[in-house]
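Quick note: the sequence shown uses numbering that gives the first Met the number 0, first residue 0, plus one each step.
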Amino acid sequence: MRILFLNKAPKDSAHYNVTGIEKLLNSYASPGTKIEIGFPDNFAGSQVEEQLGNQQMLNGLDHMMDVPSLIRKIIWAEANGYDAVIQSNTFDPGVDGGRLVVKIPVIGPLRTTIHAAAILADRIGITVPLRSHIPYTWRLLRQIGMDHMVTDIRTIHVYGPDLDKRRAEITDKSIALIKDLVRDTGAEAVIPLGGAIIPYVVDPKDLEAGAGVPVFNTKAVSIRFAEACVAHGMRQSPFTYPRADLKPQDFVDEV
């Protein structure tokens, strides 16, 4: 089984060790599954993410700009024999668009993990890297009808380069924030969004041990669900995501 783990932005914007992260992702997979990190092609305006990040103002705009390039890469993945695509970003950019153009499962970590958590807990807390993520996350939750399960969304106020050097700081801040969510809002489980931080820098297991509450690993949950979809022939419903008869060239041709 081959699964494409699709980065949200072009390769030049990846501020992590691709080989190391690919090894981590494969550690979450079952024997016989190969997880491969992929990137969309570059596009006009792709540097908006850098501008938003530098201003600590990641508000979802960059995700909206990524979508056409992500859709083209998802089409490429199906044509090149991948069994499923997982969007690496925990805010699910391009997932709905991808489902409208391919038959293979297209999986988003937010939607997948919030439903997994809802099976195991009634009240879910969410953490995000920046304050600007909070209203964006609430909108996404309303769109998928899961906002009623969430007690609150709170920020660890961490983003930027050299995150590996801040592992201890991120761990301490996250544990304190998770404890606050449990104490203040009655959260019974927590989902940390912002995969470049958790789990790429900090292991959710360490947060769970420190806070004493289940903490979900968005990457691991997404990989295991994608495997289940492939193994059992599950895919997005054509009634929910009706597909037109389109060719790859249609996504690059201009009017």
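Yeah, the Cβ is synthetic: ideal placement off N, Cα and C, and Gly gets one too.
Here the structure is a predicted model, which means the values were calculated and not measured.
Check	Outcome
Helix, strand or coil for Gln-55 per DSSP?	coil
Quick check: the segment 92 to 109 against the segment 150 to 166, are there 3 or more CB pairs under 8 Å?	no
Nearest to Pro-108 by alpha carbon, out of Arg-1, Ile-74, Gly-194?	Gly-194
Indicate whether the contact test is met: 3 or more Cβ pairs, each with one atom in the segment 0 to 13 and one in the segment 75 to 94, closer than 8 Å.	yes
Pick out the complete beta strand (DSSP E) segments inside the segment 187 to 241, 3 residues or longer, and give them in chain order.	188 to 191
Where do the N-terminal and C-terminal ends of the alpha helix (DSSP H) with Asp-61 fall, by residue?	60 to 78
Determine the contact status of Arg-122 and Ala-188, defining contact as a CB-CB distance below 9 Å.	yes
Rounded C-beta distance between Val-201 and Thr-170? I'm assuming under 8 Å.	5 Å
Tell me, which residues are paired with Ala-167 by DSSP?	Looking at the DSSP assignment, Ala-167 forms no beta bridge with any residue, so it has no partner.
Can you list the beta strand (DSSP E) stretches of 3 or more residues lying completely in the segment 116 to 166, in chain order?	123 to 127, 149 to 154
Rounding to the nearest angstrom, what Cα-Cα distance links Val-47 and Tyr-15 in this structure?	18 Å
Just confirm the distance between the C-beta atoms of Ile-113 and Ile-190, as a whole number of angstroms; I'd bet it's less than 8 Å.	6 Å
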